[in-house]
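In our numbering, the protein residues as written are 77 to 134.
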């Protein structure tokens, strides 16, 4: 039997993926990021929270 995927789990996984990718791309120290990099990171976090909300389970 397949395991049940809860929307919160999908969102959490997406946020973790964004965090990992941003730190790999921009560097590990968030204090050294430029304002444009911070803005890009925040936009990616917003998108990660919105996209999984469209998942329809049935």
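From the three backbone atoms N, C-alpha and C, an ideal C-beta is built for every residue, glycine too. Nothing here was measured: the structure is a model prediction, and the numbers come from that model.
Neighbour-count burial assignment, residue 123, 16 or more Cβ in a 10 Å radius: exposed
With 16 other Cβ atoms within 10 Å as the buried cut-off, status of residue 132: Note that residue 132 scores a pLDDT of 47, beneath 50, so its modelled location is shaky; the value from the coordinates is reported in the next line. It is exposed - the Cβ of residue 132 has fewer than 16 other Cβ atoms within 10 Å.
Residue-level contact to chain C via CB, residue 112, 9 Å cutoff: The structure shown has no chain C; it contains just one protein chain.
DSSP state of residue 105 mapped onto helix, strand, coil: coil
Check: residue 100 C-beta below 8 Å from any heavy atom of the ligand FMN: Absence of the ligand FMN from the depicted structure is noted, as is the absence of any ligand whatsoever, leaving it without description.
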